[in-house]
Amino acid sequence: MSRPPGRKQENNKISRELFVLTYGALVAQLCKDYEKDEDVNTCLERMGYGIGVRLIDDFLARSAVKKCHSYSQTADMIAQVAFKMYLGVTPSVSCSSAAGNEFSLILDKNPLVDFVEELPAERASLCYCNLLCGVIRGALEMVHLAAEVTFLQDRLKGDAVTEIGITFLRKPEERKHKR
Amino acid sequence: VGHAVLAINGAEVNGRFTADGKDVLEFLGNPANYPVSIRFGRHRLSSNEKLMLASMFHSLFAIGSQLSPEVGSSGIEMLETDTFKLHCFQTLTGIKFMVLADPRQAGIDALLRKIYEIYSDFALKNPFYSLEMPIRCELFDQNLKLALEVAEKAGPFGPGS
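Protein chains in written order, with this note's numbering: chain X, 21 to 199; chain C, 19 to 179.
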């Protein structure tokens, strides 16, 4: 949270319940607005993207991390630093392709679904946490890494674990044109 | 000698007039207004000049990082002249923060990082701010001003002296 300079560091944490409820309200409203699950998923992803492109600078400014030199380093950074910083959880990372550009993040705990047991029958293909996929995609794009981020498995849909897949799309080229 | 009056008794001065329309020379000429505190400094750049400076520097920066004999150069970090130093900090997202300062001023690196924090807080977290547009956020301006004041007061030895 932002810290105004010159003032004592106030405890800027807000309630986790409020956050989880807010996210739930967001998804519920989208479900009312859109009939098809795909539309809700797309909308969540797009919102997440808008958050990701802004969140990345906050992440870089606060964590003062150095540039990553490989996809694997980047995936580790996302799981071990970013997830920890923003959601308080640390997913485990594994590389799932020989080419070295596909990774999985396995989420043991996911605060967003604290109060959700399973999806209702009529919303069977809803990706409840699709916002997270958008956030990751947006953030990566701002550091010039194109990626596809989707939920490969979802506990809410009955799978054993919740797994987010990140596929980096292009080899990072020589940065010829810095923005 | 290239310096201009920036403020009188704390109120900012624009050219010959103060913010509330008083004529500076008139004010200074009237002994009834003494004692008066005057702040001098180099001319503030106009918005146009700032834009020109930024676009020119952006190109120089790109050329500089290409020409650099070091592989993977991070570009121009500092430009030093007799009268000023230009410090540049480029984030991993490609945003450049530039500070024009007195050559003897220390602590600019810390200031640049602080400005990055202020940007990520008050500009990026403002939902009504669109990326890549000029920043017209009150809170951003206020906090930036505070950070600059802290850095200026610290003087040639950096904050904490």
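Backbone N, C-alpha and C define an ideal beta-carbon position, used for all residues, glycine too.
Ranges of the beta strand (DSSP E) found wholly within the stretch 72 to 144 of chain X, counting only runs of at least 3: 112 to 115, 122 to 127
Neighbour list for glutamate 67 of chain C in chain X, Cβ cutoff strictly below 7 Å: Per Cβ cutoff of 7 Å: no residues; glutamate 67 of chain C is ~22 Å from chain X at best.
Straight-line gap, phenylalanine 107 of chain C to lysine 171 of chain C (C-alpha atoms, nearest Å): 22 Å
Whole-angstrom distance between alanine 99 of chain X and aspartate 128 of chain X, CA atom to CA atom: 12 Å
Listed by chain order, chain X residues near leucine 110 of chain C by CB distance under 7 Å: Leu80, Lys87, Val163
Presumed contact (8 Å Cβ cut-off) between methionine 93 of chain C and phenylalanine 102 of chain C, rounded CB distance: Correcting the residue identity first, residue 93 of chain C is glycine in this sequence and not methionine. The pair is not a contact, with the Cβ atoms about 19 Å apart (cut-off 8 Å).
CB contact flag (isoleucine 184 of chain X, serine 124 of chain X, <9 Å): yes
Element boundaries [beta strand (DSSP E), containing lysine 103 of chain C]: 103 to 108
Residues bridged to glutamate 183 of chain X [DSSP beta-bridge criterion]: X:Ile126, X:Gln173
Cα-Cα separation, threonine 109 of chain C to isoleucine 76 of chain X: 11 Å
Cβ-Cβ separation, phenylalanine 115 of chain C to phenylalanine 140 of chain C (assumed contact under 8 Å), whole Å: Actually they do not touch by this definition, with Cβ atoms about 14 Å apart.
Residues of its chain near asparagine 161 of chain C, where Cβ-Cβ distance is below 8 Å and the 5 sequence neighbours each way are ignored: Ile136, Asp139, Phe140
Amino acids of chain C, ordered along the chain, whose beta-carbon sits closer than 8 Å to that of aspartate 77 of chain X: Thr109, Thr111, Ile113, Tyr134, Tyr137, Ser138, Leu142
Cysteine 63 of chain X versus X:Met162, X:Leu146, X:Gly178, X:Leu176, residue with shortest Cα-Cα distance: X:Leu146
Length at least 4, wholly inside the stretch 126 to 177 of chain C: the alpha helix (DSSP H) runs in chain order: 126 to 136, 156 to 172
Listed by chain order, chain C residues near valine 47 of chain X by CB distance under 9 Å: Near valine 47 of chain X there are no residues of chain C at all, since even the closest Cβ is about 19 Å away, more than 9 Å.
Cβ of leucine 85 of chain C within 9 Å of any chain X Cβ: no
Distance between valine 42 of chain C and arginine 74 of chain X (C-alpha atoms, nearest Å): 44 Å
Cβ pair count under 8 Å reaching 3, the stretch 65 to 76 of chain C against the stretch 37 to 46 of chain X: no
Residue environment, threonine 182 of chain X, which counts as buried when at least 16 other CB atoms sit within 10 Å: buried
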